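Colleague: Here it is: the structure, laid out below.
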Amino acid sequence: MAKVTVRYWAAAKAAARVAEEPYEADTLADALAAVRERHPGELARVLLRCSFLVDGDPVGKRAHETVRLADGGTVEVLPPFAGG
18 MAKVTVRYWA AAKAAARVAE EPYEADTLAD ALAAVRERHP GELARVLLRC
68 SFLVDGDPVG KRAHETVRLA DGGTVEVLPP FAGG
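Per my numbering, the very first residue in the sequence shown carries number 18; after that it's consecutive.
As structure tokens, this is what we get:
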């Protein structure tokens, strides 16, 4: 499994109550499942509205189970931002 850092921004950061934390996961889907397990409740709801960057690349509409994570990589959790 890859060791990655998940970074939270805006509403995701507020719901997680941390700016970032480590996870071990092979895919984005695995990482997000682990996030939901660790932070049930508000963060799980916020994730439904988020977009994601993996190592700086937008995930877009790709299925999360197809997005492979690299050891030492970063997943950015980006809720919708107001104001453009």
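Even glycine gets a Cβ: it sits at the ideal position worked out from N, Cα and C.
Keep in mind it's a predicted model, so treat the numbers as computed, not measured.
Among A36, L95, V71 and L65, which one has its Cα closest to the Cα of D43?
Modeller: For the purposes of this step, residue 43 is taken as residue 26 along the sequence shown, with counting starting at 1. The candidate whose alpha carbon is nearest that of D43 is V71.
Colleague: According to DSSP, simplified to helix, strand and coil, what is K78?
Modeller: On the sequence shown, position 61 is the one that residue 78 refers to. Looking at K78 - three-state DSSP - the assignment turns out to be coil, as it is neither helix nor strand.
Colleague: Out of curiosity, what's the CA-to-CA distance linking V94 and L64?
Modeller: Residue 94 sits at position 77 when you count from the first residue of the sequence shown. Residue 64 sits at position 47 when you count from the first residue of the sequence shown. So the two alpha carbons sit approximately 8 Å from each other.
Colleague: From T91, L49, D47 and L60, pick the residue whose C-alpha is nearest to that of A27; which is it?
Modeller: In the sequence shown, counting from the first residue as 1, residue 27 sits at position 10. Nearest of T91, L49, D47 and L60 to A27, Cα basis: L60.
Colleague: Give the single residue among F69, D47 and P57 whose Cα lies nearest to the Cα of P97.
Modeller: In the sequence shown, counting from the first residue as 1, residue 97 sits at position 80. P97 has its Cα closest to that of F69, out of F69, D47 and P57.
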